[in-house]
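Student: With the sequence shown counted from 1, adding 3 to any position gets you our numbering. Backbone N, C-alpha and C define an ideal beta-carbon position, used for all residues, glycine too. Have a look at the structure that comes next, please.
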Amino acid sequence: MDDTIYKRSPEGKEIARGSEMRQLCLRFRDRTIEMAKTVRIGRDENNDVVISDDPLVSRRHAIIEHIDGGYRLRDLGSTNQTYLNNNPLPAQTSVAVKSGDIITIGHTQLKLSRL
4 MDDTIYKRSP EGKEIARGSE MRQLCLRFRD RTIEMAKTVR IGRDENNDVV
54 ISDDPLVSRR HAIIEHIDGG YRLRDLGSTN QTYLNNNPLP AQTSVAVKSG
104 DIITIGHTQL KLSRL
């Protein structure tokens with residue numbers, strides 16, 4: 004019996020989705036950050052991604068979390084909002100993100116991509 008799982012089968016799609024999520028990274032300026040379980044973004048030095056030179060970035064601006072096999076972006080009630088693909092996110096609302104998405108925080112753009 005052939006136990007091969009094809010990408011087009013439901014099981015194969017689930018495996019492909021999971022492997023894509025593990026390979027995501029966040030690129031901005033000249034940096035590349037591998038996605039962890041949680042990535043905190045803001046001006047404060049305690050964040051995973053520190054954007055200290057942009058006056059429109061809040062101390063604790065946004066967070067990307069690994070939830071239910073995917074990544075979700077949430078604005079943490081920032082003063083100047085977080086944008087996903089040029090669309091503003093309502094504060095404290097979590098939205099799914101994927102490879103190719105562009106997150107804008109202040110004047111800074113961060114791109115999600117595969118490693």
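(1) Just to confirm before moving on: does the CB-CB distance between Leu27 and Ser102 stay below 8 Å?
(2) Under a Cβ-count criterion, where at least 16 other Cβ atoms within 10 Å of its own Cβ denotes burial, should Asn50 be classed as buried or exposed?
(3) Going by beta-carbon coordinates alone, are Arg46 and Arg62 separated by less than 8 Å?
(4) Thinking C-alpha only, which one of Met38, Ile108 and Tyr74 is nearest Asp56?
(5) Specify, as a first and last residue, the run of the beta strand (DSSP E) that Val42 falls within.
(6) Return the chain-ordered list of same chain residues with a C-beta closer than 7 Å to the C-beta of Leu91, the five sequence neighbours on each side being excluded.
(7) Express the C-alpha separation of Arg32 and Leu79 in angstroms, rounding to a whole number.
(8) Using only the alpha-carbon positions, how far apart do Gly72 and Thr41 sit?
(9) Report the three-state DSSP secondary structure of Gln112 (helix, strand or coil).
(10) Which one or two residues does DSSP pair with Leu29 in a beta bridge?
(11) How about Leu118 and Asp104: do their beta carbons lie closer than 8 Å?
Tutor: Concretely, from the data shown:
(1) yes
(2) By the neighbour-count definition (other C-beta atoms within 10 Å, threshold 16), Asn50 is a buried residue.
(3) yes
(4) Ile108
(5) Taken as a continuous stretch (DSSP letters only), the beta strand (DSSP E) holding Val42 covers Thr41 to Gly45.
(6) Rather than Leu, the amino acid found at residue 91 in this sequence is Pro. Gln84, listed in sequence order.
(7) Per the coordinates, the alpha-carbon of Leu79 lies some 23 Å from the alpha-carbon of Arg32.
(8) Computed Cα separation, rounded: 13 Å.
(9) Judged by DSSP in its simplified three-state form, Gln112 adopts strand.
(10) Ile36 and Leu115
(11) no
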